[in-house]
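First the structure, in the form of structure tokens, and then the observations on it.
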Amino acid sequence: MLRLSRRLFSVPLGQRTLTAGSVRKLSSGRRKDDERSYKPEEVEANLVNPVSRTMKILGNDMKKIKNFILPKKDAPEDVDNYLERYRREDFQSHCDVLIIGGGGVGSSIAYWLKKRARTGLNVVVVEKDPTYQQASTCLSVGGLRQQFSIVENIQMSLYGADFMRNIKEHLGDDVAVNFTPYGYLMLASEQGAEQLMENSRLQNTLGARNEILTAAKLKERFPWINSEGIALGCHGLEKEGWFDPWALLSGFKKRAIEYGAHYTEAELVGFEFSKQQDILVEGVNPGEYEGLEKAYLKMKNGEIRDVKFSIVIIATGAQSGKVAKLARIGTGKGMLSIPLPVEPRKRFVYVFQCQNDSGPGINTPLTIDPTGTYFRRDGLGGNYLGGKSPLPSEEPPVDNLDVDYNYFDSNVWPNLAKLVPDFEAVKVKSAWAGFYEYNTFDENGIIGPHPYYNNLYIATGFSGHGIQQTPAVGRAISEMIIDGECRTIDLTRFGFDRILVDQPLFEANIV
Numbered sequence: 000m001l002r003l004s005r006r007l008f009s010v011p012l013g014q015r016t017l018t019a020g021s022v023r024k025l026s027s028g029r030r031k032d033d034e035r036s037y038k039p040e041e042v043e044a045n046l047v048n049p050v051s052r053t054m055k056i057l058g059n060d061m062k063k064i065k066n067f068i069l070p071k072k073d074a075p076e077d078v079d080n081y082l083e084r085y086r087r088e089d090f091q092s093h094c095d096v097l098i099i100g101g102g103g104v105g106s107s108i109a110y111w112l113k114k115r116a117r118t119g120l121n122v123v124v125v126e127k128d129p130t131y132q133q134a135s136t137c138l139s140v141g142g143l144r145q146q147f148s149i150v151e152n153i154q155m156s157l158y159g160a161d162f163m164r165n166i167k168e169h170l171g172d173d174v175a176v177n178f179t180p181y182g183y184l185m186l187a188s189e190q191g192a193e194q195l196m197e198n199s200r201l202q203n204t205l206g207a208r209n210e211i212l213t214a215a216k217l218k219e220r221f222p223w224i225n226s227e228g229i230a231l232g233c234h235g236l237e238k239e240g241w242f243d244p245w246a247l248l249s250g251f252k253k254r255a256i257e258y259g260a261h262y263t264e265a266e267l268v269g270f271e272f273s274k275q276q277d278i279l280v281e282g283v284n285p286g287e288y289e290g291l292e293k294a295y296l297k298m299k300n301g302e303i304r305d306v307k308f309s310i311v312i313i314a315t316g317a318q319s320g321k322v323a324k325l326a327r328i329g330t331g332k333g334m335l336s337i338p339l340p341v342e343p344r345k346r347f348v349y350v351f352q353c354q355n356d357s358g359p360g361i362n363t364p365l366t367i368d369p370t371g372t373y374f375r376r377d378g379l380g381g382n383y384l385g386g387k388s389p390l391p392s393e394e395p396p397v398d399n400l401d402v403d404y405n406y407f408d409s410n411v412w413p414n415l416a417k418l419v420p421d422f423e424a425v426k427v428k429s430a431w432a433g434f435y436e437y438n439t440f441d442e443n444g445i446i447g448p449h450p451y452y453n454n455l456y457i458a459t460g461f462s463g464h465g466i467q468q469t470p471a472v473g474r475a476i477s478e479m480i481i482d483g484e485c486r487t488i489d490l491t492r493f494g495f496d497r498i499l500v501d502q503p504l505f506e507a508n509i510v
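Going by numbering that gives the first Met the number 0, 493 is the number at position 494 of the sequence shown; the sequence numbering is gapless.
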């Protein structure tokens, strides 16, 4: 027979433990939810009788199973109310790192920070549009190339190529960026031929693999080309092509969340500043330095909430210049009088179809002519996509994402038809517009800490080649924060300091 010791058996209640010997100290007037009075003699009897106690335990267990399996009779909570309650409960009022912008760059930073620090850093990402309908990442054509003229740009794109080659090891088996390895073909006139050869030598020295082709070799390799006016071409043989930007962004975001990053749907509307007596900054009187302490966020429901942070990162793409002004960058005194030179520039991408069956084949590289007009194949259905960056005098308005189809007829199609005679007859099937996060200073990324604020980092201004560099940029920012320096690729030349001292780094190969 099962024997229970009255002396050892205990019943927990709140923070106290009541033994069977002291159970009579309970007030008989105390009620449970079913309004049944406690009767000390019944409690005593149940403790003594093992059969009664066992049956009671089994009965309670069956109730728990029933409540778990069967649906509750109460009406289910409205989905919108549940999501709103979840957002409020999950809202982080304090964090170690606050990332403003959850696109490709911001999500890459979150991924690298959480991958290394895990629970050691609380990372919050603020994204005002979780659908990413206007995000530069998702509206990009997804090009990946090493054909740049600046060492760091080549290194970042090489790193991006290796990252995507091993994408499943980094972001999981369910991430498919669908990399198409057909390379880039950069074409140069006599005027640009020497620069093209110089760039190619540098690229191959750093680990890229491409070849220089004369006009005759171009015609032999790519019969669809009209080589008139073309002196040389540089064809990427490895680690170049295009991929699905949305898949890369989704992979970064999903993995960052799995590692513990918090994504908040909100818009940054301001900062709170506080005087910090122990920080000395050139041009600021001792005791007058004001640092960044809190961010004010406008939630989806219009509510304003604040987040206190240790470090904040601006990674808001085309809107970065506007966001930086909220931190007095460009509107303050001294160093703060220099703005973040990033603004939106609208670019059009046209999807067209060749009206005959003799256009460039499926293994055609992404081709760029001397005017900057480009095209590539789009899938297996005989479609192509292409476009061209406008001249400064032709820049379209940026207050919407409307497409100018006349621009294709007047500025894009004539160049395409000259380079590829089969494009004399094409039909535009669709088009879209997106924003470059255009760095008006030198068209290169601005990466690293701001020289005034000791806790503000910047990652923006990539001027059309940012998506391919997101793996490297995210890792670099994480290294700056965790290690205090860049360890994988030295990107210190891309810091804000070059803007302060007016030393631009011009990239020759901007598309």
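No residue lacks a Cβ here, since even glycine has one placed at the ideal position from N, Cα and C.
Being a predicted model, the structure only gives us computed values, none of them experimental.
Subject >> DSSP three-state assignment for SER309, whether helix, strand or coil >> reply: strand
Subject >> Own chain, CB closer than 6 Å to ASP73, minus 5 neighbours either side, in chain order >> reply: A caution first: ASP73 carries a pLDDT of 47, below 50, which makes its placement in the model unreliable, though a value can still be read off. Closer than 6 Å at the Cβ level, and outside the excluded window around ASP73, lies no residue.
Subject >> Reference LEU212, options PHE221, GLY333, LEU205, closest by Cα >> reply: PHE221
Subject >> ARG208 in three-state terms, based on DSSP >> reply: coil
**OP:** Please classify PRO285: is it buried, with 16 or more other beta-carbons within 10 angstroms of its beta-carbon, or exposed?
**Re:** exposed
Subject >> Any 3 or more C-beta pairs closer than 8 Å across the stretch 370 to 385 and the stretch 245 to 253 >> reply: no
Original post:
Would VAL125 be called buried (16 or more neighbouring beta carbons within 10 Å of its own) or exposed?
Top reply: buried
**OP:** Counting only the same chain and skipping the five closest in sequence on each side, list residues whose C-beta sits under 6 Å from that of GLY494.
**Re:** GLY447
Original post:
Hey, which unbroken runs of the beta strand (DSSP E) at 3 residues or more fall wholly within the stretch 175 to 225?
Top reply: 183 to 187, 209 to 213
Original post:
Any idea if GLN154 is buried or exposed, counting beta-carbon neighbours within 10 angstroms, 16 or more meaning buried?
Top reply: buried
Original post:
Are there 16 or more other CB atoms within 10 angstroms of the CB of ASN110, so buried, or fewer, so exposed?
Top reply: Correcting the residue identity first, residue 110 is Tyr in this sequence and not Asn. So TYR110 counts as buried.
Original post:
Taking the C-alpha atoms as reference points, what is the distance between TYR373 and VAL411?
Top reply: 9 Å
Original post:
Got a sec, what are the start and stop residues for the beta strand (DSSP E) SER273 sits in?
Top reply: 261 to 274
Original post:
In the DSSP assignment, what are the bridge partners of GLY142?
Top reply: TRP241
Original post:
DSSP three-state call for LEU291: helix, strand or coil?
Top reply: strand
**OP:** Tell me whether the beta-carbon of GLY182 lies closer than 7 Å to the beta-carbon of PRO364.
**Re:** yes
Subject >> Contacting residues, own chain, Cβ-Cβ under 6 Å from ARG486 (five flanking each side not counted) >> reply: GLU478
**OP:** Go ahead and pull the three-state DSSP assignment for ASP95.
**Re:** strand
Original post:
Taking the Cβ atom as the reference point for each residue, do TYR526 and ALA430 lie within a distance shorter than 7 Å?
Top reply: The shown model of the chain, from 0 to 510, leaves out residue 526, and the question about it has no answer.
Subject >> Close-in-space but distant-in-sequence residues of the same chain around SER188 (CB under 8 Å, 5 per side omitted) >> reply: GLY228, ILE229, ALA230, PRO369
Subject >> Local Cβ density within 10 Å of PRO129, reported as buried at 16 or more and exposed below that >> reply: exposed
Original post:
In the structure shown, what three-state DSSP assignment does ASN45 receive?
Top reply: Any answer about ASN45 is weak, because its pLDDT of 46 lies below 50 and its placement is not dependable; what the coordinates show is given next. Correct three-state label for ASN45: helix.
Original post:
Quick one: is SER319 buried, meaning 16 or more other Cβ sit within 10 Å of its Cβ, or exposed?
Top reply: buried
Original post:
Which residues in the same chain as ILE303 place their Cβ atom closer than 8 Å to its Cβ, once the five residues preceding and following it in sequence are excluded?
Top reply: VAL268, TYR295, LEU296, LYS297
Original post:
Helix, strand or coil: how does DSSP classify LYS299 here?
Top reply: coil
Subject >> Beta carbon of GLY105 nearer than 7 Å to that of ALA314 >> reply: yes
**OP:** Just confirm the distance between the C-beta atoms of ILE256 and ALA458, as a whole number of angstroms; I'd bet it's less than 8 Å.
**Re:** Their Cβ separation, rounded to whole angstroms, is 19 Å, which puts ILE256 and ALA458 out of contact at 8 Å.
**OP:** Pull up the CB-CB distance for LEU247 and GLY473, whole angstroms please, since I reckon it's below 8 Å.
**Re:** No, LEU247 and GLY473 are not in contact; Cβ-Cβ is about 11 Å, not under 8 Å.
**OP:** Please classify ILE511: does DSSP put it in a helix, a strand, or coil?
**Re:** No information on residue 511 is available, as it lies outside the stretch 0 to 510 that the chain covers here.
Original post:
So ARG346 is in the beta strand (DSSP E); what residue range does that whole segment cover?
Top reply: 341 to 353
Original post:
Under a Cβ-count criterion, where at least 16 other Cβ atoms within 10 Å of its own Cβ denotes burial, should HIS449 be classed as buried or exposed?
Top reply: buried
Original post:
Closest by CA to VAL150, which one among LEU236, ASP243, THR204, GLN275?
Top reply: THR204
Original post:
Between which two residues does the beta strand (DSSP E) harbouring ILE445 extend?
Top reply: 445 to 448
Subject >> Length-filtered (4 minimum) alpha helix (DSSP H) runs lying within the stretch 320 to 405 >> reply: none
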